[in-house]
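In UniProt numbering, the protein residues as written are 1 to 217.
Think of the CB as a built atom: it goes at the ideal place given N, C-alpha and C, for glycine as much as any other residue.
On a predicted model such as this, the values are computed, not experimentally measured, just so you know.
Below is one structure; the comments refer to it alone.
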Amino acid sequence: MDTSHPGLNTGLRERKLRRTRDEMIRSALQLFLDQGYEETTVDQITAAVEVHPRTFFRHFASKEEVALTPISSIDMAFLAALEARPARENPLQAMTGAFRAVLEQVREDRLDGMDGGLHLAMMRLVERTPGLLAEYLRRSEETEERLARIIADREGLDPEDSRPQLIVAVFKAVGRVMSRAWYQRAEADLGTLASAFEAALDGLGPELFGDWRRPAN
1 MDTSHPGLNT GLRERKLRRT RDEMIRSALQ LFLDQGYEET TVDQITAAVE VHPRTFFRHF
61 ASKEEVALTP ISSIDMAFLA ALEARPAREN PLQAMTGAFR AVLEQVREDR LDGMDGGLHL
121 AMMRLVERTP GLLAEYLRRS EETEERLARI IADREGLDPE DSRPQLIVAV FKAVGRVMSR
181 AWYQRAEADL GTLASAFEAA LDGLGPELFG DWRRPAN
């Protein structure tokens, strides 16, 4: 194969960078799980994949960032999936459909540094690591704001309308409650989480989750 073409060289470099990043994510997460987040250093992570610590900081701002990669990957995938949902769906239908789509990506190992078992293990670690939990909750608030903006844009609502923020807050709260119960189950799997989550949503009243659009004149 002729690798003298600039496009080919760029593609090879990008694939190499991606492989290095993926290796650092998986090595870091395994070290966090094996010996603890606080006990793991950047030097240990980079030594495990035989790269210089400078390489780590080209990809990640901090150890905290790489630790939260499985969760950030799901959040980013959920935002993208919600934006792609059909316009005819009401907000709850759109978010539920996006949730299913993201679970499918996790099952197929198509998310950055993610598989179902790794997500489960890292969420358990986050829950018992105060610094990581605080950062996770801060990022969750930012994600909720972005989700509310997507819902408002989809529905053509005034920016002052509070319903997008309310429905996103309820949706995320249900997710947190069900996920925490899921993490504690020895036989936890993604199918169980999905079923429990959707059953919990079905148990809520229709006032917030109905169609919001005004009838056409």
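Using CA atoms only, rank isn't needed, just tell me which of the options is closest to residue i.
| i | options | result |
| --- | --- | --- |
| residue 220 | T20, I167 and E14 | Since the displayed the chain opens at 1 and closes at 217, residue 220 lies outside it and no answer follows. |
| L92 | E14, T55 and V174 | V174 |
| L29 | Q105, R124 and R146 | R124 |
| A121 | E142, F99, A67 and E108 | A67 |
| Q165 | S179, R180, M178 and T143 | T143 |
| H52 | L193, E141 and M24 | M24 |
| S62 | A80, D202, L132 and S140 | L132 |
| L79 | T96, E65 and R18 | T96 |
| F32 | I150, S72, L118 and F99 | L118 |
| R100 | S195, E39 and D109 | S195 |
| P70 | Q105, E38 and P86 | Q105 |
| G36 | E89, L17, F57 and R128 | R128 |
| R176 | L201, A48 and R163 | L201 |
| L147 | D75, N90, V126 and A199 | D75 |
| N90 | D43, R163 and E145 | R163 |
On the DSSP letters alone, give me the boundaries of the alpha helix (DSSP H) that residue i sits inside.
| i | result |
| --- | --- |
| H52 | Careful: H52 lies outside any alpha helix (DSSP H) and carries neither H nor E. |
| L157 | L157 -> no alpha helix (DSSP H), and no H or E assigned at all. |
| R107 | P91 to R107 |
Does the beta-carbon distance from residue i to residue j come in below 8 Å?
| i | j | result |
| --- | --- | --- |
| A77 | V102 | yes |
| D161 | A152 | yes |
| T55 | T46 | yes |
| L82 | A98 | yes |
| L157 | S179 | no |
| R26 | H59 | no |
| E135 | E64 | yes |
| R139 | S73 | no |
| A87 | R154 | yes |
Compute every distance between the C-beta of residue i and the non-hydrogen atoms of the ligand FMN, then say whether any falls below 7 Å.
| i | result |
| --- | --- |
| T40 | With respect to small molecules bound, the structure shown includes none, and the ligand FMN cannot be examined in it. |
message = What ranges does the alpha helix (DSSP H) occupy inside the UniProt domain "HTH tetR-type" (18–78), keeping only unbroken runs of at least 4 residues that lie completely in it?
response = 42–49, 53–59 and 63–67
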